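Residue numbers (my numbering), protein chains in the order written: chain A, 90 to 332; chain B, 90 to 332. The structure under discussion appears below in the form of structure tokens.
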């Protein structure tokens with residue numbers, strides 16, 4: 090079974106939703122058979138590279154005072170604390186997250202995607218220092234077990250993993266995602282938002298119970314699904330070529 | 090797009106089929122958006138742990154002489170050489186592959202699955218020394234970039250990744266696979282056997298063109314797919330909790 094989770098690092102509900110999903114997954118009897126893949130979603134693809142403090146940004150966006158923005162962040166922080174997550178309300182900044190997503194795809198190839206995503210969330214929501222900027226990202230990558238030079242090379246090449254990020258975003262759009270976090274189970278069930286852990290439990294159970302795959306469409310000749318004889322091995326031995 | 094490939098290390102057509110698939114993938118314009126996952130299939134789950142030379146095994150299995158078994162292996166070797174793969178005809182041995190599959194699942198978590206699978210194939214089909222046995226597997230794991238102690242710990246614990254292997258095998262059975270290699274594209278298209286590279290090209294193109302995902306079934310409340318309001322962020326900002 091596969092769960093794909095679309096997220097953005099600028100999204101506090103993604104940080105909180107990940108923890109809620111993981112609570113459900115930790116208690117799921119078939120958790121060993123669940124693969125989790127994190128996918129890219131930019132809340133604002135046009136955000137500038139240079140980061141800006143979040144409170145004036147929120148105040149602008151929602152037409153509220155700085156005090157109201159601070160109160161809103163404090164309520165989000167309460168939700169995070171409720172899941173046992175550290176959160177420094179109103180201390181984060183925001184910037185373009187494309188490089189973070191490219192780096193997360195590199196980390197996936199290296200088997201370190203989950204570690205890097207956690208490191209990015211912590212840096213953004215729970216640490217005084219900004220999570221943005223190339224040097225800081227390399228530092229966070231190293232902390233997540235990635236090679237320093239390789240991570241720096243990915244960040245230095247704007248084309249590296251850019252297609253993979255775009256492809257994730259197109260897939261999310263094609264599946265009707267309008268926001269994040271967005272959870273997709275076996276490309277059949279969808280969960281929107283940082284739902285309570287019980288909702289994720291229900292989704293995991295539903296996906297598990299209905300997981301009999303649909304019939305495959307065969308391509309080419311061959312045994313099994315394809316029909317005919319193929320160069321293949323089965324319980325009774327291997328096809329032996331005659332020449 | 091995701092391609093899952095069920096294989097066994099005791100399967101020469103899996104070794105050859107992997108090369109043919111990779112030829113097609115290397116020439117596929119959207120290759121950057123294709124994820125390849127290797128899945129477990131044991132041709133003989135009851136095979137003994139201690140390895141035995143392959144020629145007498147083949148002669149027994151097919152009721153042929155040792156010379157005929159040698160000739161059959163030589164013809165398989167020709168197919169391998171035709172793809173530029175090294176193959177020492179008739180020199181391999183065969184044994185239970187469950188531990189290899191467990192180790193491949195560990196390698197997947199570490200982002201080293203493809204490297205380990207290649208190392209196992211090479212060791213089995215193209216090297217004088219046996220590919221089987223715990224010490225040899227640890228050596229091959231290290232060659233594939235895995236941590237020596239961690240690989241040894243996986244092999245020492247028979248339960249490690251055992252469920253993941255079984256789950257792969259059940260999925261293959263549910264999809265009608267009767268032999269390997271068995272290729273599944275986005276859980277929609279199937280290719281059986283070491284087909285020519287052109288067949289894989291056709292399958293990749295067909296999967297790409299038809300890749301619009303089916304509508305998701307929503308679980309829980311929430312925006313987007315789920316409907317209603319969720320704790321989520323979208324292009325217009327984040328849901329702000331009222332308390």
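Built from N, CA and C at the ideal position, the CB exists for glycine as well. On a predicted model such as this, the values are computed, not experimentally measured, just so you know.
Using a cut-off of 8 Å between C-beta atoms, extract the partners of residue 151 of chain B located in chain A. In the second chain, residue 151 of chain B corresponds to position 62, counting from 1. The answer, in chain order, is 326 and 329.
Establish whether the CB of residue 308 of chain A and some CB of chain B are separated by less than 8 Å. Your numbering for residue 308 of chain A matches position 219 in the first chain. It does; some Cβ of chain B falls within 8 Å.
Quick one: which chain B residues come within Cβ less than 9 Å of residue 98 of chain A? Your numbering for residue 98 of chain A matches position 9 in the first chain. Under the 9 Å cutoff, chain B gives no residues; its nearest Cβ is about 11 Å from residue 98 of chain A.
By a C-beta neighbour count over all protein chains shown, 10 Å radius and 16 as the cutoff for buried, is residue 139 of chain B buried or exposed? Locating residue 139 of chain B in the second chain gives position 50, counting from the first residue. Residue 139 of chain B should be labelled exposed.
Chain-ordered neighbours of residue 168 of chain A on chain B, where CB pairs are closer than 9 Å: Here residue 168 of chain A is taken as the residue at index 79 of the first chain, counted from 1. Ordered by position in chain B, the residues that pass the 9 Å Cβ test against residue 168 of chain A are 320 and 330.
Measuring only the C-alpha atoms, how far is residue 107 of chain A from residue 135 of chain B? What you label residue 107 of chain A is simply residue 18 of the first chain in a count that begins at 1. What you label residue 135 of chain B is simply residue 46 of the second chain in a count that begins at 1. Rounded to whole angstroms, residue 107 of chain A to residue 135 of chain B spans 41 Å at the Cα level.
Between residue 95 of chain A and chain B, is there a C-beta pair that is closer than 8 Å? For the purposes of this step, residue 95 of chain A is taken as the residue at position 6 of the first chain. Output row for residue 95 of chain A: interface = no.
Within the 8 Å Cβ cut-off, does residue 92 of chain A reach chain B? Within the first chain, residue 92 of chain A is the residue found at index 3, counting from 1. Closer than 8 Å: no.
With DSSP run on the structure shown, which of helix, strand or coil describes residue 329 of chain A? The count along the first chain starts at 1 and reaches residue 329 of chain A at position 240. It is coil, neither helix nor strand.
For the region 222-306 of chain A, list the beta strand (DSSP E) runs that are entirely contained and at least 3 residues long, ordered along the chain. 271-274 and 278-281
Can residue 154 of chain A and residue 161 of chain A be called in contact, C-beta distance under 8 Å? By one-based count along the first chain, residue 154 of chain A stands at place 65. By one-based count along the first chain, residue 161 of chain A stands at place 72. Going by C-beta atoms, residue 154 of chain A is not nearer than 8 Å to residue 161 of chain A.
Buried or exposed for residue 199 of chain A, please, with buried defined as at least 16 other CB atoms from any protein chain shown within 10 angstroms of its CB. Within the first chain, the letter at position 110 stands for residue 199 of chain A. Label assigned to residue 199 of chain A: buried.
DSSP three-state label for residue 317 of chain A, please. Mapped onto the first chain, residue 317 of chain A falls at position 228. Unreliable positioning characterises residue 317 of chain A in this predicted model, as indicated by a pLDDT of 47, which lies under 50. A coordinate reading is not provided.
Looking only at its own chain, which residues have a Cβ that is under 6 Å from the Cβ of residue 269 of chain A, when we skip the five neighbours before and after it? One-based indexing of the first chain puts residue 269 of chain A at position 180. Closer than 6 Å at the Cβ level, and outside the excluded window around residue 269 of chain A, lie 95, 96, 97, 100, 103 and 130.
If the cut is a Cβ gap below 7 Å, which residues of chain A does residue 295 of chain B touch? Locating residue 295 of chain B in the second chain gives position 206, counting from the first residue. By Cβ distance, chain A contributes 308.
Does residue 264 of chain A have its Cβ less than 8 Å from a Cβ in chain B? Counting from 1 along the first chain, the entry for residue 264 of chain A is found at position 175. It does; some Cβ of chain B falls within 8 Å.
Between the Cα of residue 275 of chain A and those of A/284, A/298, A/208 and A/115, spot the shortest distance and give me the residue it belongs to. The residue you call residue 275 of chain A lines up with position 186 of the first chain. Among A/284, A/298, A/208 and A/115, the Cα nearest to that of residue 275 of chain A belongs to A/298.
Since residue 176 of chain B and residue 214 of chain B should fall inside the 8 Å C-beta cutoff, what is the C-beta to C-beta distance between them, to a whole number of angstroms? Within the second chain, residue 176 of chain B is the residue found at index 87, counting from 1. Within the second chain, residue 214 of chain B is the residue found at index 125, counting from 1. Indeed, because the Cβ distance is near 5 Å, the residues count as touching under 8 Å.
Is residue 112 of chain B close to chain A, meaning its C-beta is less than 8 Å from at least one C-beta of that chain? Within the second chain, residue 112 of chain B is the residue found at index 23, counting from 1. Not an interface residue.
Against chain E, does residue 290 of chain B count as a neighbour if the rule is that its beta carbon must be under 8 Å from one of theirs? The structure shown contains no chain E; its protein chains are A and B.
Just to make sure I have the definition right: I need the residues of chain B whose C-beta is within less than 9 Å of the C-beta of residue 201 of chain A. Which are they? To locate residue 201 of chain A, count along the first chain from 1; it is residue 112. Per Cβ cutoff of 9 Å: 199 and 200.
Hey, is residue 174 of chain B's beta-carbon within less than 8 Å of any beta-carbon in chain A? Here residue 174 of chain B is taken as the residue at index 85 of the second chain, counted from 1. So no, residue 174 of chain B is outside the interface.
Cross-strand partners of residue 93 of chain B (DSSP beta bridge): As a position in the second chain, residue 93 of chain B is number 4, starting the count at 1. In DSSP, residue 93 of chain B forms a bridge with B/126 and B/273.
Skipping 5 residues on each side, what residues in its chain have a beta carbon closer than 8 Å to that of residue 123 of chain B? Locating residue 123 of chain B in the second chain gives position 34, where the first residue counts as 1. Taken in chain order, the residues that qualify are 90, 91, 92, 114, 117 and 293.
In angstroms, rounded to a whole number, what distance separates the CA positions of residue 197 of chain B and residue 191 of chain B? Locating residue 197 of chain B in the second chain gives position 108, counting from the first residue. Locating residue 191 of chain B in the second chain gives position 102, counting from the first residue. Cα-Cα distance, rounded: 10 Å.
Just by C-beta distance, which residues in the region 270-285 of chain A are closer than 9 Å to chain B? 270, 271, 272, 273, 274, 275, 276, 277, 278, 279, 280, 281, 282, 283, 284 and 285
Proximal residues to residue 146 of chain B (C-beta, below 7 Å), its chain only, five neighbours per side dropped: Residue numbering aside, residue 146 of chain B sits at position 57 when the second chain is read from its first letter. Taken in chain order, the residues that qualify are 183.
Within-8 Å CB hit, residue 256 of chain B to chain A: Here residue 256 of chain B refers to the residue found at position 167 of the second chain. So yes, residue 256 of chain B belongs to the interface.
Counting only runs that start and end within the region 106-192 of chain A, where is the beta strand (DSSP E) found for 3 or more residues in a row? With a minimum length of 3 residues, the continuous beta strand (DSSP E) runs that stay inside the region 106-192 of chain A are 124-129.
Quick one: list the residues of chain B neighbouring residue 164 of chain A, beta-carbon separation under 9 Å, in chain order. The residue you call residue 164 of chain A lines up with position 75 of the first chain. The contacting residues are 329, 330, 331 and 332.
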